[in-house]
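Novice: Chains as they are written, first to last, in numbering that gives the first Met the number 0: chain A, 0 to 247; chain B, 0 to 306. Beta carbons: idealized from backbone N, C-alpha and C, even for Gly. These figures come from a predicted structure and were not determined experimentally.
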Amino acid sequence: MLKIQSLNLDVSNGTDEVSILKNINIELEDNKFYALTGPNGGGKTSLARAIMGIYKATGGKIYLDDVDITDFTITERAKAGISYAFQNPPRFKGLKVKDLLKISSSGEEDTAYARLRAVGLCPQDYLDRECDASLSGGEIKRIELATVLSRPSRIVIYDEPEAGVDLWSFEKLLSLIKKYHLRGGITSIVITHHEKVISLADEIILMAEGEIKERGPREEMWDALKGDFKCRWQQNCGGDEDAVECYR
Amino acid sequence: MPLNAIDKELLKTIADLHNIPSGAFNIRKDGQGVDRRSSAHIQVIPKTDRPGINIFVSPGTKNEAVHIPVLITLSGIVDVVYNTIEIGEGADVTVVAGCGIHNPGSKKAQHDGIHEIIVRKGARMKYVEKHYGEGDGTGERVLNPKTILVMEMDSVVEMELTQIKGVDSTVRDTKAKLAERASLTIIERLMTHGHQEAVSDMLIELEGENCSAKVISRSVAKDDSKQVFRPVMLAKASAKGHVECDSIIMNRARISSSPAISAEHPDAQLTHEAAIGKIAEEQLMKLETLGLSEKEAEDVILRGFLQ
């Protein structure tokens with residue numbers, strides 16, 4: 000179980016301290032699939048990065064199976080079984096796809112190559128490609144997913160897996176994420192704005208303004224959340240119903 | 000003269016050789032030729048007027064290599080060598096050069112290698128040159144390579160110029176002239192650390208119609224080291240050229256990168272770009288999320304960058 004207690008994250012904008020995460024309290028159970036959703040700037044990615052250790056919390060505690068990991072480095076958290084798929088994975092000049100997969104799979108290359116195939120990339124075509132600007136956004140995103148799925152993980156956080164991926168591939172990637180989750184022993188947290196991802200979740204967590212506004216079983220939150228989406232998009236898109244449908 | 004353990008280690012590092020190579024070769028150590036062999040298609044002949052060798056690759060020679068490594072294992076040596084390499088028409092060969100210095104003493108050990116290379120019509124050459132320094136001594140390890148390349152029409156050359164580490168001072172001077180439809184790619188990789196200094200000057204002259212050249216320079220400067228890059232691409236004909244300098248800067252290092260392009264023909268197409276920056280935090284963090292320590296992540300990024 001991942002337990003977060005009174006977690007705060009403040010950052011300086013040059014003149015003032017701004018609260019990015021405000022008193023986050025949540026328990027995430029083993030084997031559950033969570034959809035973390037909410038408006039842009041609501042704190043979803045910051046929470047994910049605080050769990051991974053990329054952002055250092057300014058207050059509060061994080062426990063993994065009752066072990067206090069608040070002061071763990073990113074590396075220590077990774078070794079404890081936390082994985083994070085970046086929303087915008089960095090590119091590496093000179094580093095090849097096979098190099099990244101080798102690291103992520105701790106040398107278990109067969110596993111890594113199988114994952115590459117599973118995300119729809121042929122190892123023969125991609126292993127020797129550099130993870131640089133020559134890869135498209137969708138390709139780098141799939142490689143990111145392959146590296147994360149190659150790792151032995153307890154907690155896997157996917158940061159907007161739908162971003163930058165074409166609609167046709169997205170369905171496959173989603174089914175892969177679900178399949179990986181169903182192997183058991185994994186808690187999946189998917190940051191998303193996509194209804195299809197949310198429809199797979201056991202629970203939905205709604206974040207806004209750096210706070211967890213609501214959480215609950217998908218069945219209970221589903222209608223309310225859809226109404227909230229529609230309302231927000233009608234505001235943002237000037238009442239354009241097509242945009243609302245498109246968003247879905 | 001048999002090779003000792005240090006020699007073999009240097010050869011492995013600079014030329015991927017574990018022992019005397021098969022095929023044509025010339026091994027030079029501490030200012031003298033150690034061993035030399037010609038093959039049926041590649042003649043390796045010592046110069047008579049000054050130190051160095053002439054290498055003649057017969058026209059049409061395919062898939063052969065010639066190794067010409069230089070080893071310096073004594074302190075206080077300044078070795079200047081002049082090599083002339085001619086790749087015959089239609090040949091396709093690999094030339095593996097490079098120099099390794101093991102300086103055990105307090106005096107400077109220096110190698111200045113001057114290579115004149117002519118690649119005849121329609122020939123292809125891959126040229127690999129690695130530089131490396133080591134040794135417990137306090138004496139400087141200095142390497143000053145000078146390469147003058149003449150490419151005839153339809154020739155293709157790929158040069159990999161690498162300074163692995165341990166070289167206290169280097170001034171690299173590379174000049175190339177390209178005839179019609181010749182194609183040149185230079186990939187330069189350079190790492191400096193400590194108080195090392197490296198200067199790389201290049202002048203690529205695109206003289207023939209439809210010739211092309213690409214220079215890619217990647218470097219890492221650590222500690223208090225200094226690097227200066229001055230590649231110049233000059234187009235005198237309807238030709239294409241691209242120069243790219245990309246450097247990672249660390250600690251208190253200093254890097255100056257000034258790629259220049261110059262055209263003397265209205266149909267010339269030249270581009271250049273240069274970037275200097277530290278390792279991106281996101282790159283480090285990504286590798287850390289895969290279980291590497293910060294130091295391991297840094298090493299992987301640098302190794303990949305210079306790969």
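Should Glu-159 of chain A go down as buried or exposed, given a rule of 16 or more other Cβ atoms within 10 Å for buried?
Specialist: Buried, because 16 or more other Cβ atoms sit within 10 Å of the Cβ of Glu-159 of chain A.
Novice: Closer than 8 Å, Cβ to any Cβ of chain A: which residues of the stretch 272-299 of chain B, in chain order?
Specialist: Residues passing the 8 Å Cβ filter: Ala-279, Glu-281, Gln-282, Met-284, Lys-285, Leu-286, Glu-287, Thr-288, Leu-289, Gly-290, Leu-291, Ser-292, Glu-293, Val-299.
Novice: Enumerate, from N- to C-terminal direction, the unbroken beta strand (DSSP E) stretches of 3 or more residues contained entirely within the stretch 23-76 of chain B.
Specialist: Taking only runs of at least 3 residues, the beta strand (DSSP E) segments lying wholly in the stretch 23-76 of chain B are 23-28, 31-36, 41-45, 52-56, 61-66, 69-71.
Novice: Please identify the residue among B:Val-33, B:Arg-123, B:Ile-19 whose C-alpha is closest to the C-alpha of Glu-63 of chain B.
Specialist: Nearest option by C-alpha distance: B:Arg-123.
Novice: Can you tell me which of the three DSSP states Thr-44 of chain A falls into?
Specialist: Correct three-state label for Thr-44 of chain A: helix.
Novice: Distance, Cα to Cα, Lys-97 of chain A vs Asp-222 of chain A?
Specialist: Whole-angstrom Cα-Cα distance: 44 Å.
Novice: Quick check on the DSSP output: the beta strand (DSSP E) that includes Arg-188 of chain B runs from which residue to which?
Specialist: Taken as a continuous stretch (DSSP letters only), the beta strand (DSSP E) holding Arg-188 of chain B covers 182-191.
Novice: Using 8 Å as the limit for Cβ to Cβ distance, is Asn-25 of chain B near chain A?
Specialist: No, no contact with chain A.
Novice: Quick one: which chain B residues come within Cβ less than 7 Å of Lys-78 of chain A?
Specialist: The contacting residues are Gly-290.
Novice: Would you mind sorting Ile-100 of chain B into buried or exposed? The rule is 16 or more other CB atoms within 10 Å of its CB.
Specialist: It is buried - the Cβ of Ile-100 of chain B has at least 16 other Cβ atoms within 10 Å.
Novice: Across which residues does DSSP place Val-242 of chain B in a beta bridge pair?
Specialist: DSSP output for Val-242 of chain B lists B:Val-214, B:His-271 as bridge partner(s).
Novice: Answer with yes or no whether the minimum CB distance from Tyr-83 of chain A to chain B is below 8 Å.
Specialist: Yes, Tyr-83 of chain A lies at the interface with chain B (some Cβ there is under 8 Å from its Cβ).
Novice: For Thr-169 of chain B, which of helix, strand or coil comes out of DSSP?
Specialist: Strand at Thr-169 of chain B.
Novice: Please classify Ala-14 of chain B as buried or exposed, where buried requires at least 16 neighbouring CB atoms within 10 angstroms.
Specialist: Classification for Ala-14 of chain B: buried.
Novice: Which chain B residues are close to Arg-128 of chain A, counting only those with a beta carbon under 9 Å from its beta carbon?
Specialist: Chain B residues near Arg-128 of chain A: none, gap ~13 Å exceeds 9 Å.
Novice: Assuming Ser-103 of chain A and Arg-150 of chain A are in contact, meaning their beta carbons sit under 8 Å apart, how far apart are those beta carbons, in whole angstroms?
Specialist: The Cβ separation is near 5 Å, so the contact holds.
Novice: For a contact defined as C-beta to C-beta under 9 Å, what are the partners of Asp-245 of chain B on chain A?
Specialist: Within 9 Å Cβ-Cβ: Lys-92.
Novice: Please confirm whether Gln-162 of chain B has its beta-carbon closer than 8 Å to some beta-carbon of chain A.
Specialist: Closer than 8 Å: no.
Novice: DSSP three-state call for Glu-151 of chain B: helix, strand or coil?
Specialist: Glu-151 of chain B: coil per DSSP, three-state reduction.
Novice: Cα separation between Val-95 of chain B and Ile-73 of chain A?
Specialist: When rounded, the distance between both Cα atoms is 43 Å.
Novice: Apart from the five residues just before and just after Leu-73 of chain B, which ones in its own chain have a Cβ nearer than 6 Å to its Cβ?
Specialist: The answer, listed in chain order, is Asp-29.
Novice: Hey, does Phe-228 of chain B have any beta-carbon neighbour from chain A nearer than 8 Å?
Specialist: No, no contact with chain A.
Novice: With 7 Å as the C-beta to C-beta threshold (strictly closer), list the residues of the stretch 43-66 of chain A near chain B in chain order.
Specialist: Within the stretch 43-66 of chain A, the residues whose Cβ lies closer than 7 Å to some Cβ of chain B are Met-51, Ile-53, listed in chain order.
Novice: Between the stretch 157-170 of chain B and the stretch 126-141 of chain B, are three or more C-beta pairs nearer than 8 Å?
Specialist: Touching, per the Cβ criterion.
Novice: Find out if the Cβ-Cβ distance for the pair Arg-35 of chain B, Val-43 of chain B is shorter than 8 Å.
Specialist: Cβ atoms of Arg-35 of chain B and Val-43 of chain B: closer than 8 Å.
Novice: Using a C-beta cutoff of 8 Å, does Asp-98 of chain A count as contacting chain B?
Specialist: Chain B contact via Cβ: present.
Novice: By alpha-carbon positions, which one of B:Ala-259, B:Gly-59, B:Ile-76 ends up nearest to Gly-104 of chain B?
Specialist: That would be B:Ile-76, whose Cα lies nearest to the Cα of Gly-104 of chain B.
Novice: Could you pull the DSSP bridge partners for Glu-115 of chain B from this structure?
Specialist: DSSP output for Glu-115 of chain B lists B:Thr-83, B:Ile-147 as bridge partner(s).
Novice: Using the beta-carbon count (16 or more within 10 Å), is Leu-160 of chain B buried or exposed?
Specialist: Result: buried.
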